[in-house]
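So the structure is just underneath, and the comments pick up after that.
Residue numbers (UniProt numbering): 1 to 163.
Take a look at the structure:
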């Protein structure tokens, strides 16, 4: 499990009221989602969710947490716990924020940033195992390629943060 480097960014807009209630709602939701993601399959370790906060539950917070597929459930939980520990430093009272690590990440916003219908799947993709043993089928995504995805996301987040 790779935990460094860390990168984080937050929405510059702060919550106008109920600052502590908002922070608690974000933290509680992330704690719930990291447990759900860590129980994911070997192929899919992510979770999404939302919660409401405010005097009349008038603000919805959306969140996504994710681990790379190579992590065990315990490693996923530990990695996401480490990202959520960055909340006070990066995102306290902000209406959105994200923390990226090579092996896991989280994001939350007050606007929905993911499409629920595309993330719901009835079954995992079919894997063709008809090729000779020991050979990777042409066009297959190998483990080193999958490991590059969080690093690319990290670099993109750092670049977008400077714009």
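Just so it is clear, CB atoms sit at the ideal spot from N, CA and C, and this is done for glycine as well. Computed from a prediction, not measured in an experiment: that's the story for all the values here.
Check: I need the DSSP call for residue 28, collapsed to helix, strand or coil.; Outcome: helix
Check: One question on the structure: do residue 93 and residue 23 come within less than 8 Å of each other, judged by their Cβ atoms?; Outcome: yes
Check: Count the other CB atoms within 10 Å of the CB of residue 8; is the residue buried (16 or more) or exposed (fewer)?; Outcome: buried
Check: What's the gap between the Cα of residue 38 and the Cα of residue 16?; Outcome: 33 Å
Check: Measuring alpha carbon to alpha carbon, tell me which of 50, 115, 36 ends up nearest residue 44.; Outcome: 36
Check: Taking DSSP as the reference, what is the three-state secondary structure of residue 66?; Outcome: strand
Check: Straight-line CA distance for residue 42 to residue 69?; Outcome: 5 Å
Check: According to the Cβ coordinates, are residue 110 and residue 48 closer than 8 Å?; Outcome: no
Check: Run through DSSP, which three-state label would residue 94 get?; Outcome: strand
Check: May I have the straight-line CA-CA distance separating residue 56 from residue 18, to the nearest angstrom?; Outcome: 11 Å
Check: Just verifying my parser: in three-state terms, what is the DSSP assignment at residue 10?; Outcome: strand
Check: Straight-line CA distance for residue 12 to residue 66?; Outcome: 23 Å
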